[in-house]
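Taking it in order: structure first as structure tokens, then the write-up.
Numbering (our numbering), first residue to last: 17 to 594.
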């Protein structure tokens, strides 16, 4: 570790003190803002200058006069050495370029916003956004090999997620870092703004409170407020997890599940399905994770929602043409496709969990009752979670499950040309296929079993009618690799009985070591390439592949930032028009 001399350190600290910074303006520079969308406007002035010592203009006009609303000017927000100039819940209706200038003394900051219109009106009645959490190119390739087969270099068929007319390469970096997490990645899709890691529906300011940062309106809030559309949110993760929460949440901390449940209730999507029931239950209930006595299951029921805790209850609730649905099918994440098929994971405790294929069909049946249209977000969340745990077979089974859910959506959309379907990952993982393993090869270690180039013979996976391999316990298997990992044992074998757990807490606080229960006489010990504080793989900054079809999908082409997905959805729905 490099050590600076004391004098140099003092100079660095002085240079980085709050008073040395120029003003910070939110929304940030180059923000693309939908005309008529709600957002909070904030400027932070270091050194806490008085109100009459600062000026904020937009295109040369006083910001308060232009934007309207009540100004909050906080001399020392949260006791910190800066002043906050805040206008909340404002909007800009006139499209164009907006130059924002904030001045205090001899310091000045400038940002430019692009406020855009949706000039063609509504192109689509409905939007279905599929998010393959962590879905990377290797997952797609492995799913195609295992589901469709590969003979003499040709696949036996196309995946539904690939068989779409429009495609784009999407970059996922957030406002603060090269590598994103699922929170600020989903935030980009649902708001059209960039933000920082762990944040949802807000810009990351210096405010101390998780709920007091400048907010931006989400797609769920927009379509309900401006168009009266129905909203559905489907996942096999906990419903409070980052991707589903991104449809409704405004918080600096994605882990604040109790606050996020409240935000679901405030927004009231017509269909809500996933795992994560403990944060809906009052603290007096066994297993609850709430810190208060609020019973959100009962609150939703009082608002006309049917509650389902099993697939059977979900199907029954969907038959009522007037009901809305809250489905919570597991206390944690809903089991993935592999564990549902082979009765592993938590299926003994929760034997009647639906997969996202059936959830998608139920959601479409219910949401399509609204003649005005709907927005449905479907997440295959455990592609990512299994990739974190280095359990690639389970990730690929959930990729195939996502593909089957997309088939359901395409069948729905075939009836009328009024539905935009988008399939996009929120981020990538460092994964790849480098060949195949063959247990009949001599030797004991994985590298001795590995075949590359001409020795990477095609494994003979046999798929069932739904595209899932009947077994992954073959002598010849794909060599699917991970580029980020903690210390762990590796034997190149599938984890048939339970999800792989590569590392566990070690004797040193905050550090993880190899999970010895996963080590066998054919394993090799792998030294992690991540900090010792990591217990799993991490995300990658790689671009991801988006595919789309339906009205408005032709706008997806070439390379684009992830925020552009929101803009294209908004344009397809004509959300800037009153």
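For glycine and all other residues, C-beta sits at the position ideal for the given N, C-alpha and C.
Could you pull out every residue in the same chain whose Cβ sits closer than 7 Å to the Cβ of residue 373, ignoring the five residues on either side in sequence? The residue given as residue 373 occupies position 357 in the chain shown. Cβ-Cβ distances below 7 Å link residue 373 to 417, 420, 421 and 424 in the same chain, with the five nearest sequence neighbours on each side left out; the list follows chain order.
In the DSSP assignment, find the unbroken beta strand (DSSP E) run with residue 105 in it and report its ends. As a position in the chain shown, residue 105 is number 89, starting the count at 1. Taken as a continuous stretch (DSSP letters only), the beta strand (DSSP E) holding residue 105 covers 98–106.
Would you mind working out which of 56, 97, 541 and 521 sits nearest residue 550, comparing C-alpha positions? Position 534 of the chain shown, counting from 1, holds the residue named residue 550. Nearest option by C-alpha distance: 521.
On the DSSP bridge list, what partners appear for residue 492? Here residue 492 refers to the residue found at position 476 when the chain shown is read from its first residue. For residue 492, which the question treats as bridged, DSSP gives the partners 454.
Three-way DSSP call (helix, strand, coil) for residue 395 in this model: Here residue 395 is taken as the residue at index 379 of the chain shown, counted from 1. Under the three-state reduction of DSSP, residue 395 is assigned to strand.
Buried or exposed, going by whether 16 or more other CB atoms sit within 10 Å of the CB of residue 537? Counted from its first residue, the chain shown places residue 537 at position 521. With fewer than 16 Cβ atoms within 10 Å of its Cβ, residue 537 is classed as exposed.
C-alpha distance - residue 181 paired with residue 122, whole-angstrom precision: As a position in the chain shown, residue 181 is number 165, starting the count at 1. As a position in the chain shown, residue 122 is number 106, starting the count at 1. Rounded to whole angstroms, residue 181 to residue 122 spans 54 Å at the Cα level.
Coil, strand or helix - residue 231 by DSSP: Stepping through the chain shown from its first residue, residue 231 is reached at position 215. Strand, per DSSP.
Kindly list the residues whose CB is nearer than 6 Å to the CB of residue 289, restricted to its own chain and excluding five residues on each side of it in sequence; keep chain order. Walking along the chain shown from the start, residue 289 turns up at place 273. Only 250, 343 and 375 meet the Cβ criterion.
Kindly list the residues whose CB is nearer than 7 Å to the CB of residue 546, restricted to its own chain and excluding five residues on each side of it in sequence; keep chain order. Taking the chain shown and counting its residues from 1, the one referred to as residue 546 is at position 530. These residues qualify, in order along the chain: 500, 501, 502 and 554.
By the 10 Å Cβ neighbour count, where 16 or more other Cβ atoms means buried, how is residue 544 classified, buried or exposed? The residue you call residue 544 lines up with position 528 of the chain shown. Answer is buried; the Cβ neighbour count reaches 16.
Where residue 432 sits in the DSSP three-state scheme: Your numbering for residue 432 matches position 416 in the chain shown. Correct three-state label for residue 432: coil.
With DSSP run on the structure shown, which of helix, strand or coil describes residue 240? Reading the chain shown from its first residue, position 224 is the one you call residue 240. It is helical.
Mind checking which residues open and close the beta strand (DSSP E) that includes residue 598? Nothing about residue 598 can be reported from this structure: the residues present for the chain run from 17 to 594 only.
Check each candidate in 69, 561, 303 and 269 and name the one with the smallest Cα separation from residue 3. Nothing can be reported for residue 3: it is not among the residues displayed for the chain, which extend from 17 to 594.
Please tell me whether residue 224 and residue 44 are closer than 8 Å, where the distance is taken between their beta carbons. Walking along the chain shown from the start, residue 224 turns up at place 208. Walking along the chain shown from the start, residue 44 turns up at place 28. Cβ distance not < 8 Å, so residue 224 and residue 44 don't count as in contact.
Report buried or exposed for residue 309, applying the criterion of at least 16 other Cβ atoms within 10 angstroms of its Cβ. Locating residue 309 in the chain shown gives position 293, counting from the first residue. Exposed is the call here.
Quick one, are the C-beta atoms of residue 334 and residue 369 less than 8 Å apart? The residue labelled residue 334 in the question sits at position 318 within the chain shown. The residue labelled residue 369 in the question sits at position 353 within the chain shown. At a Cβ-Cβ threshold of 8 Å, residue 334 and residue 369 do not count as neighbours.
From 70, 115, 67 and 62, pick the residue whose C-alpha is nearest to that of residue 82; which is it? The count along the chain shown starts at 1 and reaches residue 82 at position 66. Selection 70, 115, 67 and 62 evaluated against residue 82 yields 115 as nearest (Cα-Cα).
With a 10 Å radius around its C-beta and 16 neighbouring C-beta atoms as the bar for buried, classify residue 469 as buried or exposed. Numbered from 1 along the chain shown, position 453 holds the residue referred to as residue 469. Its Cβ having fewer than 16 others within 10 Å, residue 469 is exposed.
Could you tell me which of 393, 487 and 572 sits nearest to residue 560, measuring between CA atoms? Position 544 of the chain shown, counted from the start, is the residue given in the question as residue 560. With respect to the C-alpha of residue 560, the residue from 393, 487 and 572 having the closest C-alpha is 572.
Alpha helix (DSSP H) containing residue 202: first to last residue? Your numbering for residue 202 matches position 186 in the chain shown. Taken as a continuous stretch (DSSP letters only), the alpha helix (DSSP H) holding residue 202 covers 198–207.
Residue 180 (DSSP reduced to helix, strand or coil): For the purposes of this step, residue 180 is taken as residue 164 along the chain shown, with counting starting at 1. Three-state DSSP puts residue 180 in coil, outside helix and strand.
When DSSP labels each residue in this structure, what does residue 547 get in the three-state scheme? The residue given as residue 547 occupies position 531 in the chain shown. The DSSP-derived three-state label of residue 547 is coil.
Cα-Cα separation between residue 56 and residue 102, rounded to whole angstroms: One-based indexing of the chain shown puts residue 56 at position 40. One-based indexing of the chain shown puts residue 102 at position 86. Cα to Cα, residue 56 sits roughly 7 Å from residue 102.
Beta carbon of residue 439 nearer than 8 Å to that of residue 146: Counting from 1 along the chain shown, the entry for residue 439 is found at position 423. Counting from 1 along the chain shown, the entry for residue 146 is found at position 130. Going by beta carbons, residue 439 and residue 146 fall inside the 8 Å limit.
Hey, could you find the ends of the beta strand (DSSP E) residue 88 is sitting in? Residue mapping note: residue 88 aligns to position 72 of the chain shown, counting from 1. Here the beta strand (DSSP E) through residue 88 covers 87–90.
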